[in-house]
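Colleague: Before anything else, here's the structure in question.
Number of protein chains: 2
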Amino acid sequence: MKRILILGAGKSASHIISYLLKKSETFDWKITVGDLDQQLAQKKINGHQNGTAVQFDVTNAEHREKYISEVDIVASLLPFIFHSIVAKDCLKFGKHLVTASYVDKESMAMNEAFEKAGLLFMGEIGLDPGIDHLATMKMLDTLKSKGGDINAVYSFAGALIHPDHDTNPWNYKFTWAPMNVVKAGQGVSQYLYNFKPKYIPYNRVFNTAEDREIGNLGSFEVYPNRDSVKYIEKYDLESDGIGTFLRGTLRKKGYCKAWNSFVKLGWTDGTYKINVEGATYNDFVAQFLPTEFIQNNDDLKSALAEFLELEINDEIMDKLTWLGIFNNQAIGLTEASPAEILCKLLAEKWKLEPGDKDMIVMLHEVDYIINDEKRRLSATLINMGEDEENTAISKLVGLPAGMMVKLIATEKVGLTGVRIPIMPEVYNPILDELKEYGVGFEETDSLLPVNA
Amino acid sequence: MKRILILGAGKSASHIISYLLKKSETFDWKITVGDLDQQLAQKKINGHQNGTAVQFDVTNAEHREKYISEVDIVASLLPFIFHSIVAKDCLKFGKHLVTASYVDKESMAMNEAFEKAGLLFMGEIGLDPGIDHLATMKMLDTLKSKGGDINAVYSFAGALIHPDHDTNPWNYKFTWAPMNVVKAGQGVSQYLYNFKPKYIPYNRVFNTAEDREIGNLGSFEVYPNRDSVKYIEKYDLESDGIGTFLRGTLRKKGYCKAWNSFVKLGWTDGTYKINVEGATYNDFVAQFLPTEFIQNNDDLKSALAEFLELEINDEIMDKLTWLGIFNNQAIGLTEASPAEILCKLLAEKWKLEPGDKDMIVMLHEVDYIINDEKRRLSATLINMGEDEENTAISKLVGLPAGMMVKLIATEKVGLTGVRIPIMPEVYNPILDELKEYGVGFEETDSLLPVNA
């Protein structure tokens, strides 16, 4: 009988909890769900006989010791900043760990310790990162086994709104942590393009890197997602003479340039607080607009348009106007960072309404040469949520993590160390099982033009 | 007999060391100079009978205890990050502390402890911050005592190159820590303009805030310097209905827009390293230029011009070309941050040559109303260095700090707590004594146009 501890019972944990409780009936597992809010954990367990809800505060060493020491596997859906302290206790008590978050440097530094202890810390096994690794690695290994030379890898994913519920001019609603969207792209983004490393500072990360038409969903654009370059080695592509490697985030066409208005204004900065007691949204605009544009124009909207070098009737101005930033409405905060003020406004405007469904879109493209032919293998995943609670994103984050826990609990993998899911013994069973949940890729393979 | 400890014997410490050694002859002081490099400390003491050189490592608690506990006053010229640990030991051993650096939050948090201990931690008593506070506060107090209402305060300073030695198209050479210049303006800048708070993100801090003609030195421009707003309260201007308060850094006209090219490229980022082993400066350009500009142009210089939206013969392009960034020359580094690569290049090109003299320019303007007249009081300081070693900047940083030490050692001030030099008992004697060293302001007072 295996015992599993799931840390966190929030939105992102719903599907891993229900998946592992369901599987516990077959495999005779005991599942403990820990959350700061014990009632929330109780609710997610929903009376299942194999589930126990406990109050769990990750900053409390006694809680960590008590609950981590008594299980075999820990799955953490906590914010990523807590993974390394959970990992330290997993090492201490000899437990495996699974997370859906990026493996940070602090976690990576524990690789040897996990190896020596014969334990596995599998990170990046969610949606993105997660399913992207599974699908891309399967494509790469398949092509290489056929004798293909890999030239280029594009790996794009977006958490978006279902076309039927796409009712605002931004073609976007929040389906995940809003502040992550507000702060997206901060720091530097890096990728390899045409054999050159490319470094993209935050001030132009939303000058989109690529455009794509996807299925009958229309036009999308891509901005680069963090450090793509480090995955060239992880994907074992270093010796392949690869020229282009780009991981990116998908948005509906027009989003990125409009978002760049906030970057130019300085509204995405979360590093300092300003006093906005009694201030309105148009005060907020004026405080970030250079004085000369305000002096040169009769109204704030014209001033912002001139600052952004846009015509007053540009569709970006329509998007901004729709948000109400030129209104005399009170912000309703006192001390807040620009990012917090923007996040509050967007959370109101980009809220999932009752009945709204979300949409996950993933597109992986691998350019390769085989028998002197230049070809592109493309794999597309489109997955729709059920409603504003049962979202596609929570399903596609939670299921791969849950399936990874199952692979460990059923002793199907003997991996150790701090790893990401790039090996066949992980990607094959998980991609196969995901199909049972209606999560699968459509592949096409086509000849590329000679000059491509 | 007072004992004084000077921490740091580098360039910035030369004048405080020689000033205090000289004064020690009158006041019977003993001066200990501590530096990681004891020989450097020895050299700066230059055989003076009242001076002792010691090896001092600020990260070594025994060094701190040994040398701080045995003196009455500590003057720290160490990098600002070390001031708070020195301050903690000053508290522990009951010593006064003087620094020329900005008072950070960690130091400010010790205010009550310094007050309770009856000790003074005087920060920001160098050039800028330092002389700017002294001069501006004297102007403000004088105007207020005459019944003037303060409307606006502009406080500008620049560490520049003497006009006779201004031999490059940037009209700039390094006279102080180069990396501080490379990273200038990062984070947010804030000021008050026409009764509105203004927040300037890094991506447009070098879109200059103001232009000025100064004396017969020609045209200057200003970019805002950090958080001006917090000084409104410190300068006791909150109740004066002040509309504009701007602290800024002076550069010769044309510098800021050219510098902005580096910001746009992403070359001032010190937060991550890139591999430039074997790379040349034109590789460095290409790695930061969006691909489409490289593809659209025959050569890198045209590509960069298009990216920057400049004509190929724009004077900004001349400035960039003069730096050699389009050359096939090797960078000569392996792993380095973009800021380190840029800093290395500029340190070669903007080096003070033998015989070069530097120049300090300060300009303070106070707009006020008196007897229904709108007037501006301006104070200008222009000070030239002697040669590339005896710079104006090291003199103007070191002398006020040394004079502050003298005020404490001679018990002329009874201040306690963590303070900045805004009080008459500090600014009057130091501004007076600075005149003996040829450091003084020229004042003009004129009627402002009615619509100003």
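Same order as they appear, the protein sequences are chains A and B.
When we follow our numbering, the leftmost residue of the first sequence carries the number 2, and every step to the right adds one.
When we follow our numbering, the leftmost residue of the second sequence carries the number 2, and every step to the right adds one.
All residues carry an ideal CB built from backbone N, CA and C; glycine is no exception.
If we cut at 8 Å on Cβ distances, does Ala259/B have a partner in chain A?
Modeller: no
Colleague: Could you check whether the Cβ of Pro80/A sits closer than 8 Å to any Cβ belonging to chain B?
Modeller: no
Colleague: Nearest to Lys197/B by CA position, among Thr176/B, Asp90/B, Phe246/B, Gly159/B, is which residue?
Modeller: Phe246/B
Colleague: Just the Cα atoms here: how many angstroms apart are Phe57/A and Met405/B?
Modeller: 55 Å
Colleague: How is Asn261/B classed by DSSP in three states: helix, strand or coil?
Modeller: helix
Colleague: Determine the extent of the beta strand (DSSP E) in which Ile409/B is found, giving its start and end residues.
Modeller: It is not in any beta strand (DSSP E) - Ile409/B instead sits in the alpha helix (DSSP H) that spans 393-410.
Colleague: At least one CB of chain B closer than 8 Å to the CB of Gln187/A: is that the case?
Modeller: no
Colleague: For Pro164/A, name the three-state secondary structure that DSSP assigns.
Modeller: helix
Colleague: Less than 8 Å between CB atoms is the rule here; does Lys199/B satisfy it with respect to chain A?
Modeller: yes
Colleague: Is Phe115/B helix, strand or coil when you go by DSSP?
Modeller: helix
Colleague: What separation, rounded to the nearest whole angstrom, lies between the Cα atoms of Asn112/B and Leu92/B?
Modeller: 11 Å
Colleague: Just to confirm my understanding: we take Pro401/B, look at its own chain, exclude 5 residues before and 5 after, and list those with CB closer than 8 Å. What are they?
Modeller: Ala101, Ile126, Gly127, Leu128, Gly131, Ile132, Leu135, Pro422, Ile431, Leu435
Colleague: Would Asp212/A count as contacting chain B if we go by Cβ distances under 8 Å?
Modeller: no
Colleague: Can you tell me whether Thr143/B is helix, strand or coil according to DSSP?
Modeller: helix
Colleague: Is Thr100/A helix, strand or coil when you go by DSSP?
Modeller: strand
Colleague: What three-state label does DSSP hand Ala287/A in the structure shown?
Modeller: helix
Colleague: Could you give the first and the last residue of the continuous alpha helix (DSSP H) run that contains Lys44/B?
Modeller: Annotation: the continuous alpha helix (DSSP H) that includes Lys44/B extends over 39-46.
Colleague: May I have the straight-line CA-CA distance separating Val189/B from Asn181/B, to the nearest angstrom?
Modeller: 16 Å
Colleague: Closer than 8 Å, CB to CB, is Ile1/A near chain B or not?
Modeller: In the structure as shown, chain A begins at 2 and stops at 453. Residue 1/A is therefore absent and cannot be evaluated.
Colleague: Arg420/B lies in the beta strand (DSSP E); which residues open and close that run?
Modeller: 418-420
Colleague: With Ile317/B and Lys265/B assumed to form a contact (beta carbons below 8 Å), what rounded beta-carbon distance in angstroms separates them?
Modeller: Contact between Ile317/B and Lys265/B does not hold, since the beta-carbon distance rounds to 11 Å and is not under 8 Å.
Colleague: With C-beta atoms as the reference, is Phe289/A less than 8 Å away from Ile332/A?
Modeller: No, the pair does not count as a contact, with Cβ atoms beyond the cut-off.
Colleague: Does the stretch 351-358 of chain A come close enough to the stretch 143-154 of chain A that 3 or more CB-CB pairs lie under 8 Å?
Modeller: Too few Cβ pairs lie closer than 8 Å, so no.
Colleague: Can you find a CB in chain B that lies within less than 8 Å of the CB of Phe294/A?
Modeller: no
Colleague: At a CB-CB cut-off below 7 Å, which residues of chain A make contact with Phe28/B?
Modeller: Within chain A, no residue comes near Phe28/B; the closest Cβ sits about 44 Å away, beyond 7 Å.
Colleague: Does the beta carbon of Gly267/B come closer than 8 Å to any beta carbon on chain A?
Modeller: yes
Colleague: Check whether the Cβ atoms of His365/B and Tyr155/B sit closer than 8 Å, and answer yes or no.
Modeller: Their beta carbons are under 8 Å apart, which means His365/B touches Tyr155/B by this criterion.
Colleague: Around the C-beta of Trp260/A, are 16 or more other C-beta atoms found within 10 angstroms, so that it is buried, or is it exposed?
Modeller: By the beta-carbon neighbour count (other beta carbons within 10 angstroms, threshold 16), Trp260/A is buried.
Colleague: Contact defined as beta carbons within less than 8 Å: I believe Tyr273/B pairs with Gly249/B. What is the distance between those atoms, to the nearest angstrom?
Modeller: Not really, about 29 Å apart at Cβ, beyond 8 Å.
Colleague: Roughly how many angstroms separate the alpha carbons of Leu324/B and Pro179/B, rounded to a whole number?
Modeller: 15 Å
Colleague: Would you kindly report the start and end of the unbroken alpha helix (DSSP H) that includes Leu305/B?
Modeller: 301-308
Colleague: Using alpha carbons as the reference points, say which of Gln39/B, Ser303/B, Pro450/B lies closest to Lys375/B.
Modeller: Pro450/B
Colleague: In chain A, what lies closer than 7 Å to Phe289/B by C-beta?
Modeller: Tyr200
Colleague: Measuring alpha carbon to alpha carbon, tell me which of Phe28/A, Thr27/A, Gly48/A ends up nearest Val34/A.
Modeller: Gly48/A
Colleague: Assign Pro202/A to buried or exposed, taking buried as 16 or more other Cβ atoms, counted over all protein chains shown, within 10 Å of its Cβ.
Modeller: buried
Colleague: Check whether chain A comes within 8 Å of Thr272/B, counting only Cβ atoms and requiring the distance to be less than that.
Modeller: Output row for Thr272/B: interface = yes.
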